[in-house]
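Data block below; observations after.
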Amino acid sequence: GAVVSQHPSWVICKSGTSVKIECRSLDFQATTMFWYRQFPKQSLMLMATSNEGSKATYEQGVEKDKFLINHASLTLSTLTVTSAHPEDSSFYICSARQAELSTDTQYFGPGTRLTVL
Amino acid sequence: GENVEQHPSTLSVQEGDSAVIKCTYSDSASNYFPWYKQELGKRPQLIIDIRSNVGEKKDQRIAVTLNKTAKHFSLHITETQPEDSAVYFCAASPNDMRFGAGTRLTVKP
């Protein structure tokens, strides 16, 4: 099956700093990647959708200037949490889809646990 | 946008019994309905999916049914085993995937 990796798997940072999370599709080209946030014992909430070479589409309520998404290649998307605060602490998971079809399977990365002190 | 509701939020069954989780969705344009299993601190793993041109799909002990008219779909797990214990999420996708709130399944030995 398709493999998606994320780096780092966990990160602890001080309030006010920025953190970059990478999402890579290892054995396929992902035309679309998705970023989710998951709080403890809750569901996955879609933050944004990114297509290679174009600007990300953010969900309502997600600040695009705070959560910067770049999808520079067909195998890499990055999420940068800028000026992080304790309330940004969460589990961030990316997923990748090979084709543009909505019926195509999404494969998830292992997630990144962000803790902001 | 798409809104997915999932029930029950928790489900406890005896080993060997069946478990059923139900979801409803709102967007009639949704055409892809996957189910994911997530263990604590790990990534969601796709266990089965169904597309809108199919009413039922089965894979060993797992089956999914879809009723497009009523906009609901269900996950059925038969002969449950303790290792089936996890949180299960349904999702619906008109384009991007929206998840249900999750069901915590506990299978008691």
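Note that the protein sequences, when read in sequence, are chains A and B. The first sequence maps to residues 11 to 127 in the numbering used here. The second sequence maps to residues 894 to 1002 in the numbering used here. The beta carbon of each residue, even a glycine, is placed where N, CA and C say it ideally should be. Given the structure is predicted, the values throughout are model-derived calculations rather than measurements.
Going by C-alpha to C-alpha distance, which of the options sits closest to residue i?
i: A:R107; options: A:H81, A:K51, A:D98; result: A:H81
i: B:K881; options: B:G995, B:I940, B:S945; result: Past the boundaries of the shown model lies residue 881 of chain B; chain B is included only from 894 to 1002, so the question cannot be answered.
i: A:E73; options: A:L54, A:D98, A:T41; result: A:D98
i: B:Q931; options: B:A963, B:Y918, B:S978, B:G894; result: B:S978
i: B:T999; options: B:G948, B:S986, B:Y981, B:E949; result: B:Y981
i: B:H965; options: B:Q938, B:P937, B:N988, B:C983; result: B:C983
i: A:V14; options: A:L36, A:V21, A:K30; result: A:L36
i: A:T92; options: A:Q16, A:I31, A:A12; result: A:I31
i: A:L127; options: A:V21, A:A12, A:Q16, A:H17; result: A:V21
Evaluate residue i with the Cβ neighbour count: other Cβ atoms within 10 Å of its Cβ, from every protein chain shown; 16 or more gives buried, anything less gives exposed.
i: B:Q953; result: exposed
i: B:A922; result: exposed
i: B:P901; result: exposed
i: A:G121; result: buried
i: B:V957; result: buried
i: A:S83; result: exposed
State the Cα-Cα distance for the pair residue i and residue j, rounded to the nearest angstrom.
i: B:E970; j: A:P50; result: The question names Glu, but residue 970 of chain B in the sequence shown is Ile. Roughly 25 Å between the two C-alpha positions.
i: A:L7; j: B:D920; result: Residue coverage of chain A in this structure runs from 11 to 127, which leaves residue 7 of chain A outside it and unanswerable.
i: A:L56; j: B:D910; result: 34 Å
i: B:P927; j: A:C23; result: 35 Å
i: B:Y925; j: B:I943; result: 6 Å
i: B:K1001; j: B:T903; result: 13 Å
i: B:P975; j: A:G26; result: 44 Å
i: A:A40; j: B:E949; result: 28 Å
i: A:I79; j: A:T88; result: 6 Å
i: B:S945; j: A:P96; result: 41 Å
i: A:R34; j: A:G71; result: 26 Å
i: B:P987; j: B:G934; result: 28 Å
i: B:Q907; j: A:T90; result: 44 Å
Return the Cβ separation of residue i and residue j in integer angstroms, given the expectation that the two are a contact with Cβ distance under 8 Å.
i: B:R991; j: B:V897; result: 5 Å
i: A:F118; j: A:S100; result: No, A:F118 and A:S100 are not in contact; Cβ-Cβ is about 15 Å, not under 8 Å.
i: A:S60; j: A:M43; result: 5 Å
i: A:A94; j: A:S19; result: Not really, about 17 Å apart at Cβ, beyond 8 Å.
i: B:A985; j: B:Y929; result: Contact doesn't hold; Cβ gap of about 12 Å is too wide.
i: B:L968; j: B:I914; result: 5 Å
Which bits of chain A does residue i rub up against, with CB to CB less than 9 Å?
i: B:F966; result: The premise fails here: B:F966 is roughly 14 Å from chain A at the closest Cβ pair, so nothing lies under 9 Å.
i: B:G995; result: K51, Q52, S53, L54
i: B:D920; result: Near B:D920 there are no residues of chain A at all, since even the closest Cβ is about 11 Å away, more than 9 Å.
At a CB-CB cut-off below 8 Å, which residues of chain B make contact with residue i?
i: A:L54; result: P937, F982, F992
Name, please, each residue of chain A whose Cβ falls closer than 8 Å to the Cβ of residue i.
i: B:D942; result: T115
i: B:D910; result: Simply none; closest approach about 24 Å.
Can you list the residues of chain B that residue i reaches, using a CB-CB cut of under 9 Å?
i: A:I79; result: Chain B residues near A:I79: none, gap ~14 Å exceeds 9 Å.
Chain A partners of residue i, CB-CB under 7 Å?
i: B:D989; result: F44, L56, T59
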